[in-house]
Structure formats: C-alpha cells, structure tokens
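Asks:
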Amino acid sequence: MTEITRDVVIVGAGPTGLRAAADLVAQGVTVAVLEARDRVGGRTWTDTVDGARLEVGGQWVSPDQDALLATLDELGLDTFDRYRAGESVYIAKSGELARFTGDIFPVAAETEAEIVRLIALLDELAAELDPDRPWEHPRAKELDSVTFEAWLAAETDDAEARDNIVCLSEGGKAQIDSARF
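One gets our numbering by counting positions in the sequence shown from 1 and adding 24 to each.
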C-alpha cells in the first residue's frame, strides 16, 4: 500500500472543502482532499437530464457567501439571477403535474401549513447558530447526533411536508431524479 503524508486531510471536494484546501495550500500546508464521488463540486452539479442541461445540485449562492463568491471569481465562473417570472411546475408523488406561482408548492392546506411551520423552525435554528462556532449552540450535541431525515421525522408525521422540505434543502435534486423530465 502506498502511504501519503499530509498535514491536513479534508473530507469532501465541494466548494467549502476546495476553498479550505486552497487557503491551506496558500499558507504552505500540505493537503489531501478526499471525495466519495467521481467528480469535484459536492452538491454543486450541472447535469444533462433528458437532453436538458440543468442545475441539479446546490445551485443557489447567497449574497453573503463571501468565500464561495470569491472562489467562483477565482475560477472565472459566472453567476446569474434566479429566473422567477411565470409559473413553476410541481410533480406530486402520484405523478400529477400542477403549475403554480408563489413560494410554496401546491399541496393540501394542512401540508402547506406544516411546510411553513418547518421552514420557520429551521429559520429559528439557523438564527440561533453562530456559523463560526456552531458547536457552541445549546443543542449542538443533540442536533449533531441525528440525520436531517431523522430530525424531520421526529418533527412531523406529514410525509409530503418532509419530502418538500428535503427538496427545498437539496436544491430539488430528489424531485428531478424521481420525475426524470
């Protein structure tokens, strides 16, 4: 077996892992980046689905993501405004297609209320968290001990609300994969 010695090992070749690696290398640190996929980029991913080139990963960049924006600039990659005009399309698990406007998927009123409640709960948790010191959150150990899926299951019995929260948090990849436009 070949032995590779490095000062730091970074797990994940997404934007954050690549940014950390670049910063460490610039400081003279030797780095190995490990990635489970056969490509770099993590959740940022452009793919072709049935002949259409789509952003199917974590494609949104917020204006406050300074390190990511700096990395994109260094790589010479462009960003563009999210297209919001017109109708959106929602495909339910049943296969039924619905066109809609607005921010919430066209679901039953009870499910919509649950989606809104879960979004508010996630927003509250995010507001409580210091992104530079997340381990100091009073519930850090508790929250780190469960997967997002398990946390959602404990928060709600509404499977459609859970599926839609996952879709929102994962950039819609789950819906695109299952729908196969």
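C-beta atoms are modelled at their ideal positions from N, C-alpha and C, and glycine is treated no differently. As the structure is a prediction and not an experimental result, all values here were calculated from the model.
Could you spell out the range, first to last residue, of the alpha helix (DSSP H) harbouring serine 193?
Replies: 183-193
Asks: To the nearest angstrom, how far is the alpha carbon of alanine 198 from that of asparagine 188?
Replies: At alanine 198, the pLDDT of 39 sits below 50, so the modelled position is not reliable and the matter cannot be decided from this model.
Asks: If we count Cβ pairs, one from each stretch, closer than 8 Å, do we get three or more for the segment 80-100 versus the segment 37-45?
Replies: yes
Asks: Beta-carbon separation of valine 53 and aspartate 31 under 7 Å?
Replies: Yes; because the gap between Cβ atoms is below 7 Å, this pair is in contact.
Asks: Put glutamine 199 into one of helix, strand or coil per three-state DSSP.
Replies: In this prediction, glutamine 199 has a pLDDT of 39, which is less than 50 and means its spatial position is unreliable; what the coordinates show is noted afterwards. Helix, per DSSP.
Asks: In or out: leucine 3 buried (at least 16 other Cβ within 10 Å) or exposed?
Replies: What is shown of the chain runs 25 to 205, which leaves residue 3 out entirely.
Asks: Might you give, ordered along the chain, the residues of its own chain that have their beta carbon closer than 7 Å to the beta carbon of leucine 142, omitting 5 neighbours on each side?
Replies: Glu179, Thr180, Ala185, Ile189
Asks: Whose C-beta lies closer than 6 Å to the C-beta of glycine 81 among residues of the same chain, with five residues either side of it excluded?
Replies: Arg67, Thr68, Trp69, Gly195
Asks: Which first and last residues belong to the alpha helix (DSSP H) in which arginine 241 is found?
Replies: This structure cannot settle anything about residue 241, because the visible part of the chain is limited to 25 through 205.
Asks: Compute the distance between the beta-carbons of isoleucine 34 and alanine 46, then report whether it is under 7 Å.
Replies: no
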